[in-house]
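>
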Amino acid sequence: MHELSLADGMLKTVLEAAKKENAKKIKSIKLEMGEILLVNTEQLTFCFDVISKGTIAEGAKLEITFLKPRAICNKCGKEFNINSENDFPLLHISCDCGSNDVKILSGREFNIKSIKIEEN
Ligand SMILES: [Zn+2]
């Protein structure tokens with residue numbers, strides 16, 4: 050499952066960061082996520098809650114910001130935002146010039162921006 054492996058990677062990263070800071074507890078985690086990762090945030094939160102039980106990250110709140118994906122047209126060179134509601138599935142992306150020879154530049158990010166901790 051996609052969400053479980055993301056949650057697992059996230060937990061490892063935040064625990065490591067918290068350890069360096071001598072944290073007693075992780076209160077919240079700020080995430081940036083590209084929209085075309087197609088992550089189910091409810092499932093991600095659920096997975097995280099389950100695997101973080103018994104760690105200092107237990108009960109941490111996930112604050113998720115979505116990033117608009119961008120693409121570039123190989124024909125006219127224009128960069129544009131992908132409208133994820135209209136353009137899914139991604140096979141149907143096309144540029145204003147009519148070309149659908151486009152390359153996806155971003156939208157698959159999964160970044161942990163910051164964590165809020167309670168110090169010892
Ligand atoms: Zn174009």
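Residue numbers 50 to 169, in our numbering, belong to the letters of the sequence shown in order. We treat Cβ as the ideally placed atom computed from N, Cα and C, and that holds for glycine.
Do the CB positions of Leu60 and Thr90 come within less than 9 Å of each other?
Against a cut-off of 9 Å, the Cβ pair of Thr90 and Leu60 comes out as no contact.
> Run the CB neighbour count on Leu154, radius 10 Å, all protein chains shown included, and call it buried at 16 or more, exposed below.
Leu154 should be labelled exposed.
> Take every Cβ of the segment 144-163, pair it with every Cβ of the segment 112-129, and state whether three or more of those distances are shorter than 8 Å.
Touching, per the Cβ criterion.
> Can you tell me the Cα-Cα spacing of Ile85 and Ala109, whole angstroms?
Using only the alpha carbons, I get a separation of about 25 Å.
> List the endpoints of the continuous beta strand (DSSP E) containing Lys74.
Note, Lys74: beta strand (DSSP E), 72-83.
> Of all the options Lys76, Lys74, Val63, Leu87, which has the alpha carbon lying nearest to the alpha carbon of His51?
Of the listed residues, the one whose Cα sits closest to His51 is Leu87.
> Less than 8 Å between the CB of Lys127 and some heavy atom of ligand 1, yes or no?
Yes, since a heavy atom of ligand 1 falls inside the 8 Å radius drawn around the Cβ of Lys127.
> Do Ile75 and Glu167 have their C-beta atoms within less than 9 Å of each other?
Their beta carbons are under 9 Å apart, which means Ile75 touches Glu167 by this criterion.
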